[in-house]
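K.L.:
In the working numbering, the protein residues as written are 232 to 713.
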């Protein structure tokens with residue numbers, strides 16, 4: 232059985248947050264939810280009420296307000312019990328009722344439906360965001376707790392939920408700047424999609440922990456001493472790249488673990504933008520910067536409003552590591568995204584307003600209104616929130632991850648060079664498809680092999696991955712020598 236979350240756990244989380252909440256209102260919502268769900272249990276065996284409480288605790292961690300917590304506690308009562316939206320509005324007001332209604336309307340977003348259905352579901356999410364972004368934040372917290380308790384689901388359900396999480400929920404969390412939610416969603420989904428790779432990366436991180444801690448501690452000491460000598464006011468912390476972040480570089484980009492320069496990083500947080508650039512000057516004076524490894528996201532923020540300076544440098548032994556430099560305002564936005572609007576309401580400047588952070592939602596909705604072509608709408612939406620990779624399957628159920636835009640040819644070479652070189656055709660979900668078909672998440676692909684003469688040179692024009700390109704070229708080089 233999973234951990235059972237109680238109202239005491241929620242009240243403790245509220246107390247530890249140090250924020251002001253209307254606990255009477257939260258307790259009233261809990262009592263309504265507890266009564267509504269009294270005869271229900273989760274698949275894993277615990278009382279159903281544990282789930283909305285867990286979702287509310289996640290939202291406390293994100294710094295959301297009382298109204299969001301109340302709506303989170305009630306988010307399943309209209310869909311799963313006899314409680315009505317009208318009774319919620321009467322007791323808790325229009326704001327809460329609209330949020331509960333918004334979460335109920337979203338329901339499940341199927342990942343393997345017709346394009347029209349998927350467009351409609353993502354459109355619902357965008358509309359909900361445009362009306363009240365808290366609806367999506369509740370939905371993301373709901374999905375996060377469901378992913379944490381996915382062990383109790385059958386294997387097929389685990390795979391389906393994990394694919395859906397990678398394709399829809401993690402990208403949405405990313406676009407809303409909810410870094411902590413995004414990373415946990417990705418890591419948890421990966422654990423079910425590719426458990427062997429997940430375990431390997433986790434083992435490598437554990438194996439190298441002492442070595443990493445010792446190295447970062449030494450760098451911190453040197454940097455602290457120098458910044459203090461410069462009379463700077465700063466906060467210094469270290470961070471480790473997420474398991475999925477490492478997975479993308481090792482398994483999708485084909486890099487060796489030791490070639491990933493930003494597995495370990497130091498973060499310097501200061502008060503002003505000018506101080507960011509002053510710290511950068513000190514860092515580049517102390518350590519040798521690696522060419523083309525500097526990114527200025529302060530002057531050119533990411534689409535989700537992320538701002539920081541990133542630089543990769545070498546210590547005196549030639550060991551590479553990354554340093555990120557940002558202000559406190561930038562840090563709040565980087566960690567909490569749109570949720571920072573509630574968590575740090577008083578401290579954030581007008582430039583980082585909620586309106587500005589959600590401009591992309593309105594632009595997408597406007598693009599939809601101007602187009603009657605459903606496929607065009609889907610493309611627009613998917614391009615904007617699309618993950619950078621897709622997950623496809625062999626007939627045996629093994630997962631293969633590829634960069635977005637990859638073809639069946641890339642898939643064949645990802646399995647083995649012999650499979651790619653002998654490929655005659657392919658089936659996708661049981662149907663014969665051209666081998667230059669662009670693969671999408673959830674496809675089951677079977678490669679048909681035979682005694683062919685080898686790959687076609689034209690394949691080099693359509694493959695996306697360097698792995699496929701290198702294997703095709705290697706075949707032609709070998710042919711030439713023979």
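Don't be surprised by glycine CBs; every beta carbon is placed ideally from N, CA and C. Only a predicted model underlies this, so the values are computations on that prediction, with no experimental measurement involved.
Got a sec, what are the start and stop residues for the beta strand (DSSP E) residue 470 sits in?
P.N.:
Residues 466-471.
K.L.:
Considering only C-alpha positions, which residue in the set 710, 462, 663 and 664 is nearest to residue 686?
P.N.:
Out of 710, 462, 663 and 664, 710 has the C-alpha closest to the C-alpha of residue 686.
K.L.:
Could you give the first and the last residue of the continuous beta strand (DSSP E) run that contains residue 537?
P.N.:
Per DSSP, residue 537 belongs to no beta strand (DSSP E) and is neither H nor E.
K.L.:
Rounded to a whole number of angstroms, what is the C-alpha to C-alpha distance between residue 369 and residue 568?
P.N.:
Going from the Cα of residue 369 to the Cα of residue 568 covers about 14 Å.
K.L.:
Can you tell me where the alpha helix (DSSP H) with residue 332 in it begins and where it stops?
P.N.:
Its alpha helix (DSSP H) spans residues 325-337.
K.L.:
Taking the runs of the beta strand (DSSP E) that are 3 residues or longer, which of them lie wholly in the segment 471-527?
P.N.:
Counting only runs of 3 or more, we get 495-501 and 519-527.
K.L.:
Are the segment 691-701 and the segment 629-645 touching by the rule of at least three beta carbon pairs closer than 8 Å?
P.N.:
They touch, by the three-pair rule.
K.L.:
Please list, in chain order, all residues of the same chain as residue 457 whose beta carbon is under 7 Å from its beta carbon, the five residues on each side excluded.
P.N.:
So the qualifying residues of the chain are 513 and 517.
K.L.:
Ignore the nearest five residues each way along the sequence and tell me which others in residue 264's own chain have a CB closer than 7 Å to its CB.
P.N.:
These residues qualify, in order along the chain: 280, 283, 304, 305 and 308.
K.L.:
Is residue 657 helix, strand or coil when you go by DSSP?
P.N.:
Reduced to three states, the DSSP call for residue 657 is strand.
K.L.:
Please determine, among 387, 658 and 262, the residue with the shortest C-alpha to C-alpha distance to residue 678.
P.N.:
For the residues 387, 658 and 262, the minimum Cα distance to residue 678 belongs to 658.
K.L.:
Please classify residue 417 as buried or exposed, where buried requires at least 16 neighbouring CB atoms within 10 angstroms.
P.N.:
Counting Cβ neighbours within 10 Å, residue 417 comes out buried, since at least 16 surround it.
K.L.:
Whole angstroms are fine: how far does the CA of residue 675 sit from the CA of residue 661?
P.N.:
Taking the straight line joining both Cα atoms gives about 8 Å.
K.L.:
If you reduce the DSSP assignment to three classes, tell me which class residue 248 lands in.
P.N.:
It is helical.
K.L.:
Under three-state DSSP, which class holds residue 694?
P.N.:
Three-state result, residue 694: coil.
K.L.:
Please specify which runs of the alpha helix (DSSP H), each continuous and at least 4 residues long, are wholly inside the segment 259-315, giving them in chain order.
P.N.:
For the segment 259-315, whole alpha helix (DSSP H) runs of length 4 or above, ordered along the chain, are 281-292, 297-304 and 308-311.
K.L.:
Can you list, in chain order, the residues of its chain with a C-beta nearer than 7 Å to that of residue 702? Leave out the 5 residues immediately preceding and following it.
P.N.:
644, 648 and 651, listed in sequence order.
K.L.:
Which term fits residue 466, buried or exposed, when burial requires 16 or more other beta carbons within 10 angstroms of its beta carbon?
P.N.:
Residue 466 should be labelled exposed.
K.L.:
How far does the alpha helix (DSSP H) with residue 455 in it reach, from first residue to last?
P.N.:
Unbroken alpha helix (DSSP H) run through residue 455: 440-460.
K.L.:
Applying the criterion that 16 or more other CB atoms from any shown protein chain within 10 Å of the CB defines a buried residue, is residue 712 buried or exposed?
P.N.:
Residue 712 should be labelled exposed.
K.L.:
Is the Cβ-Cβ distance between residue 496 and residue 553 less than 8 Å?
P.N.:
Yes, they are a contact pair.
K.L.:
Determine the direct distance from the alpha carbon of residue 540 to that of residue 523, and round the result to whole angstroms.
P.N.:
When rounded, the distance between both Cα atoms is 13 Å.
K.L.:
Going by CA-CA distance only, name the one from 233, 390 and 257 that's closest to residue 672.
P.N.:
Among 233, 390 and 257, the Cα nearest to that of residue 672 belongs to 390.
K.L.:
Which of the three DSSP states, helix, strand or coil, is assigned to residue 380?
P.N.:
Coil at residue 380, not helix or strand.
K.L.:
Whose C-beta lies closer than 6 Å to the C-beta of residue 316 among residues of the same chain, with five residues either side of it excluded?
P.N.:
These residues qualify, in order along the chain: 309, 328 and 332.
K.L.:
Pull up the distance between the alpha-carbon of residue 462 and that of residue 454, whole angstroms please.
P.N.:
So the alpha carbons of these two residues sit roughly 12 Å apart.
K.L.:
On the DSSP bridge assignment, give the partners of residue 633 in chain order.
P.N.:
DSSP output for residue 633 lists 621 as bridge partner(s).
K.L.:
Excluding the 5 residues preceding and the 5 following residue 412 in the sequence, name in chain order all residues of the same chain whose CB lies nearer than 7 Å to its CB.
P.N.:
The residues are 371, 375 and 404.
K.L.:
Determine whether the beta carbon atoms of residue 573 and residue 294 lie at a separation below 8 Å.
P.N.:
Yes, they are a contact pair.
K.L.:
Is the CB-CB distance between residue 670 and residue 621 below 8 Å?
P.N.:
Cβ distance < 8 Å, so residue 670 and residue 621 count as in contact.
K.L.:
Compute the beta-carbon to beta-carbon distance between residue 638 and residue 667, rounded to the nearest angstrom, for a pair I have assumed lies under 8 Å.
P.N.:
So it is a contact: roughly 5 Å between Cβ atoms.
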